[in-house]
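Take full-length UniProt numbering: the final residue in the sequence shown is number 320, and no numbers are missing along the way. The block underneath contains the structure these notes are about, expressed in structure tokens.
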Amino acid sequence: MWTFTIRRIFIMIPQILMLSIVIFILAKMMPGDALTGLIDPNIGPEVLEQQRERLGLNNPWYVQYYDWSTRALKGDLGQSFRYKMPVTDLINQRMVNTILLSILTLIFTYIIALPLGIISGRYNDTLADRMITGYTYLGFAAPLFIFALLMLFIFGFRIGWFPTGGSVAPGLTPGTLEYFLSKLRHLLLPSLSMALISVVGTVQYLRSEIIDIKQREFILTARSKGASESRVYNHHIFRNSLLPIAAFFGYEITFLISGTIFIENIFSYPGMGELFISSIRQRDTSVVTALVLLFGVASILGALLSDIILSIIDPRIRIK
């Protein structure tokens, strides 16, 4: 397993290099630059050119990429033109909120998906299975941003059970119980909105695996030997059906990345997704480039994590 892991890590290096080049080029192809729309229109064009020259915006793209990549390797992702602060510090401020949102979403996803998938697969073709399958079909068809807007309207504005924006109530002292409860209350509605959509794939995977595995010969053999139904499901069917779920776990990170971008903007939640959209609007290319690179690296790491988890759960398919 260690050989496989090290080999996959070495494969990741050129992937990340190519990803960084593509992201940098696409960021430079955006209309305008960091100074567009942020400079007093009364300032002469010669002063504007001096600013671009000072910031290196007139250099060829490969020179700008080399300067950016060498600084990034040292932990310097540049300066935000909008916030007038280092990009690293700006991302660090938002990263905690996004990580908390992602973790809580994953917890809700598996708390909801595992029981639904087990019930649907074990009692397939029953009323319960049809209801769960119907829910998954609706989940596949419903766009995340539409569902999140509906959740915000009903439970935020109409009923008022949850806050409609922010990550914590103003005026609270960090570290206190009130601060923690307020933080949790602001997290519940965004994470539930994303989890209720993200569960549908996991439920369908688990249902299909359970239905397939319970018809295999080793399950029929276990039943013929007198094994109880609970033992058959807990020790044979459920354990083997977790293989695709384990493989799918790392790719959940990719969904969370795309999901948090929508969720954070809909719920005005100050995380990296909200920062990403606002930076695109403001043409803050240094922040956009750094965030897309982080999102891409997270997706690559998610694929690696899936392979490692799968090899741990089932040593028979472990790649040497």
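Note that beta-carbon positions come from the ideal geometry of N, C-alpha and C, so glycine has one too. Small disclaimer: the values here were computed from a predicted structure and weren't measured.
Beta-ladder partner(s) of Gln79, from DSSP: Taking the sequence shown and counting its residues from 1, one reaches residue 79 at position 79. Answer is Pro86, bridged to Gln79.
Closer than 8 Å is the cut-off here; do at least three beta carbon pairs connect the region 76 to 89 with the region 274 to 288? yes
Between the C-alpha atoms of Tyr62 and Leu77, what's the straight-line distance to the nearest angstrom? Within the sequence shown, the letter at position 62 stands for residue 62. Within the sequence shown, the letter at position 77 stands for residue 77. One C-alpha to the other measures close to 16 Å.
Candidates Ile13, Ala72, Phe10, Gln15: which alpha carbon is nearest Thr289's? Along the sequence shown, one-based indexing puts residue 289 at 289. Of Ile13, Ala72, Phe10, Gln15, the residue nearest in Cα terms is Ala72.
Go ahead and pull the three-state DSSP assignment for Asp125. If you number the sequence shown from 1, residue 125 lands on position 125. The answer is coil: DSSP assigns Asp125 none of H, G, I, E or B.
Would you mind working out which of Ser278, Leu192, Ile300, Ala298 sits nearest Phe155, comparing C-alpha positions? On the sequence shown, position 155 is the one that residue 155 refers to. Answer by Cα proximity: Leu192.
Taking Cβ to Cβ, would you say Ile257 is nearer than 8 Å to Ala298? Locating residue 257 in the sequence shown gives position 257, where the first residue counts as 1. Locating residue 298 in the sequence shown gives position 298, where the first residue counts as 1. The answer is yes: Cβ separation under 8 Å.
Grouping DSSP H, G and I as helix and E and B as strand, with all else coil, what is Ala113? Your numbering for residue 113 matches position 113 in the sequence shown. If DSSP states are grouped into helix, strand and coil, Ala113 belongs with the helices.
Helix, strand or coil, according to DSSP, for Ala298 in the structure here? Sequence index remark: in the sequence shown, residue 298 carries index 298 (1-based). DSSP places Ala298 within a helical segment (H, G or I) once states are collapsed to three.
DSSP-derived helix/strand/coil call for Ala195: Stepping through the sequence shown from its first residue, residue 195 is reached at position 195. Reduced to three states, the DSSP call for Ala195 is helix.
Does at least one heavy atom of the ligand FAD sit under 7 Å from the Cβ of Ala113? With respect to the ligand FAD, the structure shown offers nothing to examine, as it has no ligands at all.
Which residue from Thr88, Ile21, Leu114 puts its Cα closest to that of Ser69? As a working mapping, residue 69 is identified with position 69 in the sequence shown. Measuring C-alpha to C-alpha distances from Ser69 to each of Thr88, Ile21, Leu114 identifies Ile21 as the nearest.
Contact set for Lys28: own chain, Cβ-Cβ below 8 Å, skip 5 residues either direction: In the sequence shown, the residue the question calls residue 28 occupies position 28. Cβ neighbours of Lys28 beyond the five flanking positions: Trp61, Gln64, Thr285.
N- and C-terminal bounds of the alpha helix (DSSP H) containing Thr70: Counting from one through the sequence shown, the residue named residue 70 turns up at place 70. Run containing Thr70: 61 to 73, per the alpha helix (DSSP H) assignment.
Backbone secondary structure at Met95 - three-state DSSP: Indexing the sequence shown from 1 puts residue 95 at position 95. Note: Met95 maps to helix in three-state DSSP.
Does the separation of the CB atoms of Ser182 and Ile213 fall below 8 Å? Residue 182 sits at position 182 when you count from the first residue of the sequence shown. Residue 213 sits at position 213 when you count from the first residue of the sequence shown. Going by C-beta atoms, Ser182 is not nearer than 8 Å to Ile213.
As assigned by DSSP and simplified to three states, the class of Thr176: On the sequence shown, residue 176 is found 176 positions in, with the first residue counted as 1. Looking at Thr176 - three-state DSSP - the assignment turns out to be coil, as it is neither helix nor strand.
Quick one: residues in its chain with C-beta nearer than 7 Å to the C-beta of Ile16, no 5 flanking neighbours on either side, listed in chain order? The residue you call residue 16 lines up with position 16 of the sequence shown. Correct list, in chain order: Val297, Ile300.
Does the distance from the CB of Ile237 to the CB of Ile219 come in under 8 Å? Locating residue 237 in the sequence shown gives position 237, where the first residue counts as 1. Locating residue 219 in the sequence shown gives position 219, where the first residue counts as 1. Yes, they are a contact pair.
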